[in-house]
Amino acid sequence: MGHVDRAREFVRDESRTKWHDESLWFVRAKRDDAADTVPDWEALRDEAATIKRDALSRLPDLWRQFETAATEAGAVVHWARDAEEHNQIVLDLLEERGFRRVVKSKSMLTEECGLNPFLEARGIEIIDTDLGERIVQLRNEPPSHIVMPAIHLKRSEVGKLFEKEMGAPVGLDDPDALTALARKDLRKRFIAAEAGITGVNFAVAETGSFVVVTNEGNADLGTALPSLHIACVGLEKIIPAPSDLAPFLRLLARSATGQPISAYTSHFRGPREAEDIGSPAPAMHIVIVDNGRSDLLAQPSFRDALACIRCGACLNTCPVYRRSGGHSYGTTIPGPIGSVLEPSRDPKAHAELPHACTLCGSCTNVCPVRVPLHHQLLTWRAHLAEGGHHPTRRRVAFGLAGRLFAHPRAYEILTKAGRRVARRLPTAWLDRLTSPWTEARTLPPIPARSFREQMRARARQATKGPR
Amino acid sequence: MRVALFVPCYVDQLRPQIGLATLDFLTAAGFEVDFQEEVICCGQPFLTAGETKRAAALGARFVDAFQHVDAIVTPSGSCAATLRRHLESLVAAPAAASVAAKTFELCEFITKESACPPLSRPFPHRVGLHASCHGLRELGLGTPTETRAATRIDPARELLSRIPELEITSLDRRDECCGFGGTFSVEEAAVSTRMGLDRLEDHGRGGAEIVTSTDVSCLLHLEGLSRRRTLPFEIFHIAEILAASALGHDLRASAEPR
Amino acid sequence: MSARDQILAALTRHPAPPVEPARPESRPEMPANPWSVLEERLAQNGGRLVHSHSGAWIDSVKWPCEFAELTHVYVAKNVPESSPTPPASQLSPTAHLSTLTSRGVGATAKAMRDLEPLEVTVLYADFAVAENGAVWHVPASALERTAALLAEHLIVLVPASSLVATLHHAYERIALAETRFGWFLSGPSKTADIEQSLVLGAHGPRTMQLVALES
Ligand code: SF4
Numbered sequence: 001m002g003h004v005d006r007a008r009e010f011v012r013d014e015s016r017t018k019w020h021d022e023s024l025w026f027v028r029a030k031r032d033d034a035a036d037t038v039p040d041w042e043a044l045r046d047e048a049a050t051i052k053r054d055a056l057s058r059l060p061d062l063w064r065q066f067e068t069a070a071t072e073a074g075a076v077v078h079w080a081r082d083a084e085e086h087n088q089i090v091l092d093l094l095e096e097r098g099f100r101r102v103v104k105s106k107s108m109l110t111e112e113c114g115l116n117p118f119l120e121a122r123g124i125e126i127i128d129t130d131l132g133e134r135i136v137q138l139r140n141e142p143p144s145h146i147v148m149p150a151i152h153l154k155r156s157e158v159g160k161l162f163e164k165e166m167g168a169p170v171g172l173d174d175p176d177a178l179t180a181l182a183r184k185d186l187r188k189r190f191i192a193a194e195a196g197i198t199g200v201n202f203a204v205a206e207t208g209s210f211v212v213v214t215n216e217g218n219a220d221l222g223t224a225l226p227s228l229h230i231a232c233v234g235l236e237k238i239i240p241a242p243s244d245l246a247p248f249l250r251l252l253a254r255s256a257t258g259q260p261i262s263a264y265t266s267h268f269r270g271p272r273e274a275e276d277i278g279s280p281a282p283a284m285h286i287v288i289v290d291n292g293r294s295d296l297l298a299q300p301s302f303r304d305a306l307a308c309i310r311c312g313a314c315l316n317t318c319p320v321y322r323r324s325g326g327h328s329y330g331t332t333i334p335g336p337i338g339s340v341l342e343p344s345r346d347p348k349a350h351a352e353l354p355h356a357c358t359l360c361g362s363c364t365n366v367c368p369v370r371v372p373l374h375h376q377l378l379t380w381r382a383h384l385a386e387g388g389h390h391p392t393r394r395r396v397a398f399g400l401a402g403r404l405f406a407h408p409r410a411y412e413i414l415t416k417a418g419r420r421v422a423r424r425l426p427t428a429w430l431d432r433l434t435s436p437w438t439e440a441r442t443l444p445p446i447p448a449r450s451f452r453e454q455m456r457a458r459a460r461q462a463t464k465g466p467r
Numbered sequence: 468m469r470v471a472l473f474v475p476c477y478v479d480q481l482r483p484q485i486g487l488a489t490l491d492f493l494t495a496a497g498f499e500v501d502f503q504e505e506v507i508c509c510g511q512p513f514l515t516a517g518e519t520k521r522a523a524a525l526g527a528r529f530v531d532a533f534q535h536v537d538a539i540v541t542p543s544g545s546c547a548a549t550l551r552r553h554l555e556s557l558v559a560a561p562a563a564a565s566v567a568a569k570t571f572e573l574c575e576f577i578t579k580e581s582a583c584p585p586l587s588r589p590f591p592h593r594v595g596l597h598a599s600c601h602g603l604r605e606l607g608l609g610t611p612t613e614t615r616a617a618t619r620i621d622p623a624r625e626l627l628s629r630i631p632e633l634e635i636t637s638l639d640r641r642d643e644c645c646g647f648g649g650t651f652s653v654e655e656a657a658v659s660t661r662m663g664l665d666r667l668e669d670h671g672r673g674g675a676e677i678v679t680s681t682d683v684s685c686l687l688h689l690e691g692l693s694r695r696r697t698l699p700f701e702i703f704h705i706a707e708i709l710a711a712s713a714l715g716h717d718l719r720a721s722a723e724p725r
Numbered sequence: 726m727s728a729r730d731q732i733l734a735a736l737t738r739h740p741a742p743p744v745e746p747a748r749p750e751s752r753p754e755m756p757a758n759p760w761s762v763l764e765e766r767l768a769q770n771g772g773r774l775v776h777s778h779s780g781a782w783i784d785s786v787k788w789p790c791e792f793a794e795l796t797h798v799y800v801a802k803n804v805p806e807s808s809p810t811p812p813a814s815q816l817s818p819t820a821h822l823s824t825l826t827s828r829g830v831g832a833t834a835k836a837m838r839d840l841e842p843l844e845v846t847v848l849y850a851d852f853a854v855a856e857n858g859a860v861w862h863v864p865a866s867a868l869e870r871t872a873a874l875l876a877e878h879l880i881v882l883v884p885a886s887s888l889v890a891t892l893h894h895a896y897e898r899i900a901l902a903e904t905r906f907g908w909f910l911s912g913p914s915k916t917a918d919i920e921q922s923l924v925l926g927a928h929g930p931r932t933m934q935l936v937a938l939e940s
């Protein structure tokens, strides 16, 4: 099953589709209001976009610089070529210390690497502490959105889940009460945790610092208590200097949720202060992950996608995403940016995704770092066609049409005959012949004469002169 | 000024009256209009389907046919957008750039040349204007709700607002995509349908009797949905409304098959 | 070849073309009414702004209950003393603060975990950022960080004279290379993960008051 089938399934539930669309449109509208409060919004996008592209042009230097500074600050830096290496490094860090209880704040990278199932299979309890992530973790499903992982669920569904998992009273669906339950449950886990894993929003080369942004404070709580902090960072997350953080932080929360800034914007540099006597010394380990990023960098048409700061704005504005739901994409990252990124990993498996798009271009306009998303999706279509990943029927149909349009005579004869037949057929037959266009649409009456024929008629009239 | 009219295949076959309205309106605006029978397609459907070579072949035909005219005008915003944005990268011929630059959507051209004939006949209808994504975001006709860059005029709105007694109705989402999207409309028919119906509902809330646009493909999609559900909308291309006001074209007569 | 060297080599093989960052000529200046901008932005994040005279902040903030009834309060060492004007409060705040502080504070991990029923944490921030409704705070210790997160209510004091216009100005003031941990705070801990409805107090504080101290 691909996007087409899953989307069709999702859309079948009309009221849920509309609810989903409205929820996300609400976030998009908040983003618009937030952008209105920033007088230099477009200039800021230019700046953020070019800082990222500058960084992408000198990744090796910046990461070396980061490594030196972070090491100086007392962190240990690891390098992982792919998901397996990443997962193994994390596992080793935990096993060396005999740690079994881990809390994790939101990180699309660990999602991409499949860290949770990997650790769980090895007897380690790993708890997602972001409420939305926790909800989908308990439901055993992937997030459907990169910022709002449980946006596809209704409160009653969360209520039912908490009934099963946290002993919530039957029928409880008040978000305040449900959040309070999760808070209580997670508080225990924070306090019991031996290690905290976080993602990284921005890594700063000059200082070896990194920034993690949350609204819940879960990344901070998850790293303030345990002695071990593991930060997992994708190669694209580096920026040169501290002052470069400003444009991104002015854009990020506003683009993501319409907030002026997230509640917690935490800057880490090295392990936390030692305060315990007799407990393990605090340690910070940073795992830098490639997992396909250097391959993407090697593709000039798509490397700009590495500038993405995972704000989710392109998902919220995408008229298709809003109506097909995040799970319809079948990928770690759904929506426009996912449809650009995922085919670079496996073009065959994700050949449908660049077509799950009307090329409306709204994503490109909201993107705070100006990833030319819809043009990249268009480029993907060409690459996929060339790579032979498109269905044969499409290629054949377009092959015939292409030849027809290059031969006006043949076009004339065939269309004329076509229209003549179409005008005689009963509507139901015609609809069947032109399905799937007519699956939900009715064809207009077919004109007897085409524009070209009418033009010729006009010309004949003109030469005959006025009557 | 000599202007070439480009009428793409689906207008030719399914909505010839839009081509005629465009032609007559341009003539009324004082242009000498040529029609080139030989060019049927700008290549857009091929480009968006990933069939770049075929798009390029059709683009080359386009450049060949039109390189010597002053301007090329089409009632299809998305064709104009395809040519303007992509022709140069598709076609190596040196004329490609200039052909791309002188291809215009009808309202864009009329506004640019300040050549609108008097829109004197009243059009006493509530009209919903559908912003075609390609016109809006690729040609820059109007200001998308996402952007905070300087406002740009929307020629279509500008022209409609000059017509006596025509009321442009409001929308909750004034530039949401209708869901046509070329092959998307058939490959992702379910989502495409939902998107189109949502647009029509929005137009309904605003009280539109007529839905119009600068793009024929969006309109064919919306019209098909409206017909299937017998919704109370009439769908006309903006050229038809302009020709009705400027020249007294009878909208409903021309909408019937001949 | 190590993973590190392989990755660095892979990145070198297909470098992206150099790009000069597009730096704007100027940054937005301080708005005419910076504190009301901050107040509005902070309110969007669920926080509340309070103006106070430096020596009397205890009287200016909203306490969850009678001040005298609070039992678990963490007050950062750098928080200035406050002497509320009687008869609004009959408290002798400094005395209270010191006793309350010592009650909440411990030096071991156990004590950190014992912060759990913490009612209020009071912090002193370096400066505030008008455009984002945020303050920059460098906790004195991981304990202080924890106290900021575990408390039901968070109060952050900041000198009114420290306000800057935007984050660009903010980073000019921050010495990140010397900062083990520092954060921008804006509003309480929150989530909207259930049907987009905003809930304050996701994991940490349910309320956040920012007190602008006039000296
Ligand atoms: S591509 Fe742009 S809009 Fe989409 S998530 Fe990334 S940064 Fe945000």
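Residue numbers (my numbering), protein chains in the order written: chain A, 1 to 467; chain B, 468 to 725; chain C, 726 to 940.
Idealized CB from N, CA, C, for every residue including glycine.
Simplified DSSP state of TRP788/C, which is helix, strand or coil: Looking up residue 788/C in the third sequence gives position 63. Three-state result, TRP788/C: coil.
Extent of the continuous beta strand (DSSP E) run through LEU10/A: Indexing the first sequence from 1 puts residue 10/A at position 10. In the sequence as presented, Leu is not what sits at residue 10/A; that position holds Phe. Judged by DSSP secondary structure, PHE10/A falls outside any beta strand (DSSP E) and instead within the alpha helix (DSSP H) spanning 3-12.
Where THR650/B meets chain A, residues with beta-carbon distance less than 8 Å: One-based indexing of the second sequence puts residue 650/B at position 183. HIS355, ARG394, listed in chain order.
GLN934/C - DSSP class collapsed to helix/strand/coil: To locate residue 934/C, count along the third sequence from 1; it is residue 209. In this structure, GLN934/C counts as strand in the three-state DSSP scheme.
Three-state secondary structure assigned by DSSP to GLN461/A: Your numbering for residue 461/A matches position 461 in the first sequence. The answer is helix: DSSP assigns GLN461/A an H, G or I state.
HIS375/A in three-state terms, based on DSSP: Sequence index remark: in the first sequence, residue 375/A carries index 375 (1-based). Helix.
Any chain C beta carbon closer than 8 Å to GLY217/A: Numbered from its first residue, the first sequence carries residue 217/A at position 217. Yes - at least one Cβ of chain C is within 8 Å of the one on GLY217/A.
Proximity of LEU443/A and ARG250/A at Cβ, strictly below 8 Å: If you number the first sequence from 1, residue 443/A lands on position 443. If you number the first sequence from 1, residue 250/A lands on position 250. No, the Cβ-Cβ distance between LEU443/A and ARG250/A is not below 8 Å.
One or two residues paired with HIS893/C in a DSSP bridge: The residue labelled residue 893/C in the question sits at position 168 within the third sequence. Per DSSP, none; premise fails for HIS893/C.
ARG483/A (DSSP reduced to helix, strand or coil): Beyond the ends of chain A as shown, which are 1 and 467, falls residue 483/A; an answer cannot be given.
Neighbour-count burial assignment, GLY167/A, 16 or more Cβ in a 10 Å radius: Walking along the first sequence from the start, residue 167/A turns up at place 167. Per the 10 Å Cβ criterion, exposed.
The stretch 680-692 of chain B: positions lying closer than 8 Å to chain A by Cβ: Cβ contacts with chain A come from LEU687, HIS688, GLU690, GLY691, LEU692.
Near the ligand SF4: ARG310/A beta-carbon under 7 Å from a heavy atom: By 1-based counting over the first sequence, the position of residue 310/A is 310. Yes, Cβ of ARG310/A sits closer than 7 Å to a heavy atom of the ligand SF4.
Contact with chain A by HIS928/C, beta-carbon distance below 8 Å: Locating residue 928/C in the third sequence gives position 203, counting from the first residue. For HIS928/C, the answer is yes, since a Cβ of chain A falls inside 8 Å of its Cβ.
Same chain, Cβ closer than 7 Å to ASP621/B, neighbours up to 5 away in sequence not counted: As a first step, residue 621/B must be located in the second sequence, where it is residue number 154. Hits under 7 Å: LEU608, GLY609.
Extent of the continuous alpha helix (DSSP H) to which ILE197/A belongs: Locating residue 197/A in the first sequence gives position 197, counting from the first residue. From DSSP, ILE197/A is part of no alpha helix (DSSP H) but of the beta strand (DSSP E) over 195-198.
Neighbour flag for ARG16/A against chain B, beta carbons, 8 Å: Here residue 16/A corresponds to residue number 16 of the first sequence, with the count starting at 1. Not closer than 8 Å to any Cβ of chain B, the Cβ of ARG16/A fails to qualify, so no.
Pair within 8 Å by beta-carbon distance, VAL212/A and SER266/A: In the first sequence, counting from the first residue as 1, residue 212/A sits at position 212. In the first sequence, counting from the first residue as 1, residue 266/A sits at position 266. Their beta carbons are under 8 Å apart, which means VAL212/A touches SER266/A by this criterion.
Closer than 7 Å: VAL136/A CB and nearest the ligand SF4 heavy atom: By one-based count along the first sequence, residue 136/A stands at place 136. The answer is no for VAL136/A.
Closer than 7 Å: ALA70/A CB and nearest the ligand SF4 heavy atom: For the purposes of this step, residue 70/A is identified with residue 70 of the first sequence, where counting begins at 1. Checking the Cβ of ALA70/A against the ligand SF4 gives no.
Backbone CA spacing between LEU297/A and ARG58/A [nearest angstrom]: Taking the first residue of the first sequence as 1, we reach residue 297/A at position 297. Taking the first residue of the first sequence as 1, we reach residue 58/A at position 58. Near 11 Å, if we compare the C-alpha coordinates of ARG58/A and LEU297/A.
C-beta neighbour in chain F for ASN770/C, strict 8 Å: As a matter of chain content, chain F is missing from the structure shown, whose protein chains are A, B and C.
Simplified DSSP state of PHE513/B, which is helix, strand or coil: Start at 1 with the first residue of the second sequence, and residue 513/B comes out as number 46. It is helical.
Cβ-based burial, ALA834/C [other Cβ within 10 Å; buried from 16]: On the third sequence, position 109 is the one that residue 834/C refers to. In this prediction, ALA834/C has a pLDDT of 44, which is less than 50 and means its spatial position is unreliable; what the coordinates show is noted afterwards. Within 10 angstroms of the beta-carbon of ALA834/C lie 16 or more other beta-carbons, which makes it buried.
Complete runs of the beta strand (DSSP E) confined to the stretch 675-721 of chain B [at least 3 residues]: 677-680, 701-704
Contact test: VAL863/C Cβ vs the ligand SF4 heavy atom, cutoff 7 Å: Along the third sequence, read from residue 1 onward, the residue named residue 863/C stands at position 138. VAL863/C: no, Cβ never under 7 Å from the ligand SF4.
Proximal chain A residues relative to ILE507/B, where beta-carbon distance stays under 7 Å: What you label residue 507/B is simply residue 40 of the second sequence in a count that begins at 1. Going along chain A in sequence order, the residues near ILE507/B (Cβ under 7 Å) are PHE405, PRO408, TYR411.
Distance cut-off 7 Å: ILE337/A Cβ against heavy atoms of the ligand SF4: Position 337 of the first sequence, counting from 1, holds the residue named residue 337/A. Answer for ILE337/A: yes, Cβ within range of the ligand SF4.
Any non-hydrogen atom of the ligand COA within 7 Å of PRO436/A CB: Questions concerning the ligand COA fall outside what the structure shown contains, since the ligands it does hold are the ligand SF4.
Inter-stretch contact at 8 Å, needing at least 3 Cβ pairs: the stretch 730-746 of chain C / the stretch 891-902 of chain C: no
Proximity test, VAL369/A beta-carbon vs the ligand SF4 heavy atom, cut-off 7 Å: Working through the first sequence from its first residue, we reach residue 369/A at position 369. The beta carbon of VAL369/A sits closer than 7 Å to at least one heavy atom of the ligand SF4.
Entirely enclosed beta strand (DSSP E) segments - the stretch 554-618 of chain B, minimum 3 residues: 570-572, 593-597
Neighbour-count burial assignment, THR810/C, 16 or more Cβ in a 10 Å radius: As a working mapping, residue 810/C is identified with position 85 in the third sequence. Bear in mind that a pLDDT of 37 at THR810/C, under 50, signals an unreliable position, so the number given afterwards is only what the model happens to contain. Exposed, because fewer than 16 other Cβ atoms sit within 10 Å of the Cβ of THR810/C.
Cross-chain neighbours of CYS644/B in chain A, by beta carbon under 8 Å: Your numbering for residue 644/B matches position 177 in the second sequence. Residues of chain A passing the Cβ test: PRO319, THR358, CYS360, SER362.
C-beta neighbour in chain C for ASP32/A, strict 8 Å: Indexing the first sequence from 1 puts residue 32/A at position 32. Output row for ASP32/A: interface = no.
Separation of THR515/B from CYS546/B, as counted between CA atoms: Along the second sequence, one-based indexing puts residue 546/B at 79. Along the second sequence, one-based indexing puts residue 515/B at 48. C-alpha separation (whole angstroms): 11 Å.
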